[in-house]
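Here is the structure we will look at, set down as structure tokens.
Number of protein chains: 2
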Amino acid sequence: MKEGPDIARVAALLGDPARANMLTALMGGRALTASELATEAGVTAQTASSHLAKLQDGQIVLARKQGRHRYFTLSDPDIVEVLEALMGIAQRTGHNRLRTGPKDPALRRARVCYDHLAGEMGVVLFDSLLARKYVIVAPEGTGLSNAGVAFVRDLGIDLESLRQSRRPLCRECLDWSARRSHLAGALGAALLDHFYAQGWARREKGSRVVLFSPAGEKRFNDICQI
Amino acid sequence: MKEGPDIARVAALLGDPARANMLTALMGGRALTASELATEAGVTAQTASSHLAKLQDGQIVLARKQGRHRYFTLSDPDIVEVLEALMGIAQRTGHNRLRTGPKDPALRRARVCYDHLAGEMGVVLFDSLLARKYVIVAPEGTGLSNAGVAFVRDLGIDLESLRQSRRPLCRECLDWSARRSHLAGALGAALLDHFYAQGWARREKGSRVVLFSPAGEKRFNDICQI
DNA sequence: TTCATCCTTCGATGCTAATCGAAGCATTCC
DNA sequence: GGAATGCTTCGATTAGCATCGAAGGATGAA
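Each protein sequence line maps, in turn, to chains A and B.
For what it's worth, the numbering used here labels the leading residue of the first sequence as 1, then goes sequentially.
For what it's worth, the numbering used here labels the leading residue of the second sequence as 227, then goes sequentially.
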């Protein structure tokens, strides 16, 4: 009644179906325009505009104007985490809007969580990095060991430029489908980019699914090998 | 639009002020009756009953009938985590319902997060356990090292009975005030109980604040000493 | 049994907010 | 310049839901 931050205002922002659809779409990581989000949410442009104003006011999304378009992104990694956590609860309590189809297993297998890899393959990757002590979880924050630095360099990823961003290099993100953590942060994003660049995987159009080619999956398993 | 669990239903449940007040009260960890929750939320018993039915239906809370009372608790550690995470966002975006008073600093210092210690002191405790490698964060779950087992035994805590519960022994929980993790799980709860039992600390009545006595804080610092 | 307490159900009310049509800016394209 | 596109503002409508009064079970106390 009297102490603590006000959950209700934030939760109410996420609690409208149209807004939730928009946010789920933004979990795909690409910046989307107001009209794309309107389509995703299944509402008209006017309605979407009103919703987006509220989300922006509540600092859930960021807007960037470019030409006559306005591109929206999620404002903060914490938002991404809360959304994934909410998905976990929704899932467990049987509130899913899945039309059970081929998408469902594929989503669990490998999907984009904003800009990094989630799903079973994301968890496998994270676990293998932890098991080899390439990634260390410490009180002052998760980070790379010396061996981890070498591993990332060997993959051909430019660590220096990653370190220059204000974004934390490594970050845990709880996975709603696997109920385990996967790797987020600048490195998480860079690894997924690497998979794309090497042609191991690509995004399925219009969804969060990440499709690995047979050869790509083999290479992926190789680098996860302990 | 078509894939992934339905965030909106869950978030909407948390997004009503009355329900959010109830849930915040339940973060105190004690089971509360329907009428207590009505008072916390500032609504009549009828209204509270309707809200509680929804929360129960959505599997956010559990009800246990005892005599003519119905006691409610949060249903799941994941719910606790989501609530704390939402508090973090609400806080950062300046949506707090704090009447800035002495409570605020005290809440940041030490408070109950369901049934374990949170706030600065909770974070200090967790960090010190990690630094001494008493608690190990591993892919297959957070756990106690042999040294950690000895440490806990020395405190006079019965580990065997803790292990017998289905609840995980160690668990990380993100702290909204410190933006760092503190220790949850059966051990987290047992440690806080220990602090109470030793007379080092007590609950402030009607709030989540944990008050350490000067002597108790000294003892607490001793056991956190590396 | 009778009364009191705790909680729920029912029904009515009222408010909030989502929605969309229509119109108005802003920007880009031709 | 004019037309087209992307987005926002305004206003009116509507639906959903929180709220509470009144009444009805259930449990425990006397």
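Note that CB positions come from ideal geometry on N, CA and C, so glycine has one too.
Spatial neighbours of residue i in its chain, beta-carbon cut-off 6 Å, leaving aside the 5 residues before and after
| i | result |
| --- | --- |
| LYS291 (chain B) | none |
| GLY255 (chain B) | VAL338, TYR340 and ASP341 |
| ARG70 (chain A) | ALA34 and ALA63 |
| ARG219 (chain A) | TRP200 |
| LEU289 (chain A) | Summary: the structure shown does not reach residue 289 (chain A), with chain A confined to residues 1 through 226, and so no result is reported for it. |
| PRO365 (chain B) | none |
8 Å CB neighbourhood of residue i in its chain, flanking five on each side removed
| i | result |
| --- | --- |
| ASN447 (chain B) | none |
| SER407 (chain B) | VAL349, PHE352, GLU398, CYS399, LEU400 and ASP401 |
| LEU211 (chain A) | ALA106, ALA110, ALA201, ARG202, ARG203 and GLU204 |
| GLY216 (chain A) | PHE195, GLN198, GLY199, TRP200 and ALA201 |
| GLY156 (chain A) | HIS194 |
| LEU409 (chain B) | HIS342, LEU343, GLY348, LEU351, PHE352, LEU355, VAL361, CYS396, ARG397, GLU398, CYS399 and LEU417 |
| ARG179 (chain A) | GLY88 |
| GLY284 (chain B) | ARG235, VAL236 and LEU239 |
| VAL363 (chain B) | LEU356 and GLU398 |
| GLY42 (chain A) | ALA18 and ASN21 |
Under 7 Å by beta carbon: chain A residues contacting residue i
| i | result |
| --- | --- |
| GLY348 (chain B) | Per Cβ cutoff of 7 Å: no residues; GLY348 (chain B) is ~12 Å from chain A at best. |
| LEU285 (chain B) | Looking at the sequence provided, one finds Gln at residue 285 (chain B) rather than Leu. Within chain A, the residues near GLN285 (chain B) are THR93. |
| ALA237 (chain B) | ALA11, LEU14, GLY15, ALA20 and LEU86 |
Contacts of residue i in chain B (Cβ-Cβ under 7 Å)
| i | result |
| --- | --- |
| PRO17 (chain A) | ALA234 |
| ASP222 (chain A) | Under the 7 Å cutoff, chain B gives no residues; its nearest Cβ is about 19 Å from ASP222 (chain A). |
Pairwise C-alpha distance: residue j and residue i
| i | j | result |
| --- | --- | --- |
| ILE305 (chain B) | ILE315 (chain B) | 15 Å |
| GLN282 (chain B) | ALA289 (chain B) | 7 Å |
| SER49 (chain A) | LEU240 (chain B) | 24 Å |
| ASP76 (chain A) | ILE60 (chain A) | 7 Å |
| GLY320 (chain B) | LEU86 (chain A) | 22 Å |
| MET227 (chain B) | GLN91 (chain A) | Note that MET227 (chain B) scores 45 on pLDDT, short of 50, meaning its location in the model is unreliable; the coordinates nonetheless yield the value given after this. Rounded to whole angstroms, MET227 (chain B) to GLN91 (chain A) spans 16 Å at the Cα level. |
| LEU220 (chain B) | ASP419 (chain B) | In the structure displayed, chain B extends from 227 to 452; residue 220 (chain B) sits before or after that span and is not available. |
| ALA18 (chain A) | HIS51 (chain A) | 8 Å |
| GLU346 (chain B) | ALA415 (chain B) | 16 Å |
| MET27 (chain A) | ARG108 (chain A) | 15 Å |
| GLU36 (chain A) | GLN46 (chain A) | 13 Å |
| ASP242 (chain B) | VAL10 (chain A) | 10 Å |
| SER391 (chain B) | LYS54 (chain A) | 44 Å |
| ALA8 (chain A) | ARG68 (chain A) | 34 Å |
| VAL308 (chain B) | VAL82 (chain A) | 7 Å |
| SER207 (chain B) | ALA131 (chain A) | Since the first residue shown for chain B is 227 and the last is 452, residue 207 (chain B) is missing from the structure and cannot be characterised. |
| GLU232 (chain A) | SER213 (chain A) | This structure cannot settle anything about residue 232 (chain A), because the visible part of chain A is limited to 1 through 226. |
| PRO5 (chain A) | GLY367 (chain B) | 30 Å |
Chain-order list of residues whose beta-carbon lies under 7 Å from that of residue i (same chain, five-residue window excluded)
| i | result |
| --- | --- |
| LEU169 (chain A) | GLY143, LEU144, LEU162, ARG163, GLY185, ALA186 and LEU187 |
| SER354 (chain B) | CYS450 and ILE452 |
| GLU40 (chain A) | ASN21, MET22 and ALA25 |
| THR270 (chain B) | ALA264 |
| ALA332 (chain B) | VAL435 |
| ARG167 (chain A) | GLY185 and ALA186 |
| LEU159 (chain A) | VAL149, VAL152 and ARG153 |
| TYR360 (chain B) | LEU370, SER371, ALA373, GLY374 and PHE377 |
| THR299 (chain B) | LEU252, ALA257, VAL287 and LEU288 |
Counterpart residues of residue i in DSSP-defined beta bridges
| i | result |
| --- | --- |
| ARG428 (chain B) | B:LEU437 |
| LYS65 (chain A) | A:ARG70 |
| SER181 (chain A) | A:LEU174 |
| HIS342 (chain B) | B:CYS339 |
| THR259 (chain B) | B:TYR297 |
| LEU230 (chain A) | Summary: the structure shown does not reach residue 230 (chain A), with chain A confined to residues 1 through 226, and so no result is reported for it. |
Where residue i meets chain A, residues with beta-carbon distance less than 8 Å
| i | result |
| --- | --- |
| GLN292 (chain B) | Those do not exist, as GLN292 (chain B) stays about 24 Å from chain A at its closest Cβ, beyond 8 Å. |
Chain-ordered chain B contacts of residue i [CB-CB under 8 Å]
| i | result |
| --- | --- |
| VAL82 (chain A) | VAL308, ALA311, LEU312 and ILE315 |
| ILE79 (chain A) | ILE315 |
| PRO105 (chain A) | The contacting residues do not exist; PRO105 (chain A) stays about 11 Å from chain B at best. |
Chain-ordered chain B contacts of residue i [CB-CB under 9 Å]
| i | result |
| --- | --- |
| PRO168 (chain A) | Near PRO168 (chain A) there are no residues of chain B at all, since even the closest Cβ is about 12 Å away, more than 9 Å. |
| PRO214 (chain A) | What PRO214 (chain A) touches in chain B: nothing, since even the nearest Cβ is about 23 Å away. |
Interfacial residues, the segment 124-137 of chain A to chain B, with Cβ spacing under 8 Å: PHE126, ASP127, LEU130, ALA131 and VAL137
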